[in-house]
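For reference, the structure discussed in these notes is given below.
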Ligand code: ADP
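In my numbering, the protein residues as written are 46 to 503.
Okay, here's the thing in structure tokens:
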């Protein structure tokens, strides 16, 4: 169902409920008012008749005349019928020819006890009142009538309410559809604009209108998302071209080495030396491919990666062992700033393999980019965080390039002579991001660098 129809229906249901409650309230209040007013009228008419009879000392003949007048003039109007009983339950006056006594002594007794009674009698309303004259003679006066005019008026009120309800609801449906359509128009426009945006024209932006309402906020957020997507697409594009460039260079070197080797006949020693050189290049290629693989893996890790409590110091010792195993001339010292009281302070929720990759990269870099091939690692902690400093006294990183070294394939000018492909640090940053940590660097060219990894501990 379209939102427009949904809003119109909800709107109509709400208005219908309000109208029904309102109409019922008006109807029942009018009905109560009519009833009460009619009871009062009956009561007054009964008492008035009793007074008249008394004061005018009306004879039997006059009574008949009064009755006839009642019948001819008022009877047509279906006016009140009045009966009067004395204290012996004898009918002393009837405003019409009552053939039989309609009221039981029990009822008359009840009126005498309660002094005043209101009652519904089929279509009629009835009041029974106790009237006492100056001689202390008491009479029960019963007045009864059908409030035809009142009921007709009420019927009119009811018809008016029903017609108003039907008109009101029809108007609500029509206006609901029009207004819902109007309010949703900007969304329909956004829909149209979005359907024109593809991976090739992410630069297109949505119209943010007045820049104030929720729709403008939605468009703004969508535009920001498009910007992020565009950046990420661009990164991916440059990653692919960088990766193919990085792979092509050593492959081309391998090819030309083989071509040159094949140009002339060579001695066994010469072939051996060429093969050794080929082996070194192949190893570099393997390293590069591994780096690319790690980067791709770290990109896809976040969703279903298992994190387990892992001791940072243990990972650092493993990383130390791994780096020293591959480079016997490197020297790495791992130390605590202070000994932790609680193991939790150096235990982080982590994927061990990924964290090992981070510290292997940092330790390898620290030794690789230092003349003394030495790295110093310090483990620190505070209430919330575990902090690892990897320090070297190496070539350092120019300040202008500090923010770029975490981008894939970026290598500083002064590092060109060292082996490497510029992948390691981007892998590190991605992995640390996944662990909700931070990686920062401080460096002075010619003096050394310090990489600081911060991770939340248990
Ligand atoms: P790689 O070392 O393979 O080139 P990285 O991504 O690990 O790739 O590092 C990116 C760049 O950052 C390096 O090429 C180098 O220019 C610089 N860098 C990283 N670590 C250090 C360090 N400890 N000292 C100086 N420069 C460094």
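Quick reminder that beta carbons are idealized off the backbone N, C-alpha and C, glycines included.
Note that the structure is predicted; figures quoted are calculated from it, not measured.
Proximity below 8 angstroms, CB of residue i to CB of residue j
{"i": "residue 395", "j": "residue 480", "result": "yes"}
{"i": "residue 90", "j": "residue 125", "result": "yes"}
{"i": "residue 486", "j": "residue 496", "result": "yes"}
{"i": "residue 470", "j": "residue 406", "result": "yes"}
{"i": "residue 462", "j": "residue 412", "result": "no"}
{"i": "residue 52", "j": "residue 221", "result": "yes"}
{"i": "residue 451", "j": "residue 287", "result": "no"}
{"i": "residue 343", "j": "residue 476", "result": "yes"}
{"i": "residue 98", "j": "residue 138", "result": "yes"}
{"i": "residue 188", "j": "residue 172", "result": "yes"}
{"i": "residue 185", "j": "residue 127", "result": "no"}
{"i": "residue 498", "j": "residue 391", "result": "no"}
{"i": "residue 431", "j": "residue 377", "result": "no"}
{"i": "residue 267", "j": "residue 244", "result": "no"}
Whole-angstrom distance between residue j and residue i, CA atom to CA atom
{"i": "residue 326", "j": "residue 335", "result": "14 angstroms"}
{"i": "residue 65", "j": "residue 59", "result": "10 angstroms"}
{"i": "residue 246", "j": "residue 281", "result": "16 angstroms"}
{"i": "residue 429", "j": "residue 393", "result": "10 angstroms"}
{"i": "residue 311", "j": "residue 298", "result": "19 angstroms"}
{"i": "residue 532", "j": "residue 72", "result": "The structure shown does not extend to residue 532, since the chain is modelled only from 46 through 503, so no value can be given for it."}
{"i": "residue 121", "j": "residue 169", "result": "With a pLDDT of 48 at residue 121, under the threshold of 50, the predicted position of this residue should be treated as unreliable, and no value is reported."}
{"i": "residue 321", "j": "residue 362", "result": "32 angstroms"}
{"i": "residue 319", "j": "residue 302", "result": "8 angstroms"}
{"i": "residue 257", "j": "residue 68", "result": "40 angstroms"}
{"i": "residue 57", "j": "residue 70", "result": "20 angstroms"}
{"i": "residue 96", "j": "residue 209", "result": "46 angstroms"}
{"i": "residue 285", "j": "residue 217", "result": "59 angstroms"}
{"i": "residue 385", "j": "residue 458", "result": "40 angstroms"}
{"i": "residue 74", "j": "residue 202", "result": "11 angstroms"}
{"i": "residue 338", "j": "residue 330", "result": "12 angstroms"}
{"i": "residue 440", "j": "residue 382", "result": "25 angstroms"}
{"i": "residue 204", "j": "residue 81", "result": "22 angstroms"}
Anticipated Cβ contact below 8 angstroms, residue i with residue j, distance rounded
{"i": "residue 414", "j": "residue 437", "result": "7 angstroms"}
{"i": "residue 199", "j": "residue 76", "result": "6 angstroms"}
{"i": "residue 460", "j": "residue 401", "result": "23 angstroms between Cβ atoms; not a contact."}
{"i": "residue 442", "j": "residue 494", "result": "6 angstroms"}
{"i": "residue 422", "j": "residue 435", "result": "6 angstroms"}
{"i": "residue 176", "j": "residue 92", "result": "6 angstroms"}
{"i": "residue 79", "j": "residue 226", "result": "With 8 angstroms as the limit, residue 79 and residue 226 do not qualify as a contact, their Cβ atoms being about 44 angstroms apart."}
{"i": "residue 472", "j": "residue 340", "result": "5 angstroms"}
{"i": "residue 427", "j": "residue 375", "result": "30 angstroms between Cβ atoms; not a contact."}
{"i": "residue 397", "j": "residue 360", "result": "6 angstroms"}
{"i": "residue 467", "j": "residue 474", "result": "Not a contact, Cβ separation roughly 12 angstroms."}
Residue-level contact to chain D via CB, residue i, 8 angstroms cutoff
{"i": "residue 503", "result": "Checking the listed chains, one finds no chain D in this structure; it contains a single protein chain."}
Near the ligand COA: residue i beta-carbon under 7 angstroms from a heavy atom
{"i": "residue 341", "result": "Among the ligands in the structure shown, the ligand COA does not appear; only the ligand ADP can be found there."}
Residue i CB to nearest heavy atom of the ligand ADP below 7 angstroms
{"i": "residue 414", "result": "yes"}
{"i": "residue 507", "result": "This structure does not reach residue 507, given that the chain is present from 46 up to 503, and the question cannot be answered."}
{"i": "residue 437", "result": "yes"}
{"i": "residue 442", "result": "yes"}
{"i": "residue 491", "result": "no"}
{"i": "residue 471", "result": "yes"}
{"i": "residue 290", "result": "no"}
{"i": "residue 364", "result": "no"}
{"i": "residue 480", "result": "no"}
{"i": "residue 494", "result": "yes"}
{"i": "residue 484", "result": "no"}
{"i": "residue 450", "result": "yes"}
{"i": "residue 476", "result": "no"}
{"i": "residue 384", "result": "no"}
{"i": "residue 254", "result": "no"}
query = Contact between the region 185–199 and the region 69–87: three or more CB pairs below 8 angstroms?
reply = yes
task = Could you tell me whether the region 221–236 touches the region 250–261, using the rule of 3 or more Cβ pairs below 8 angstroms?
result = yes
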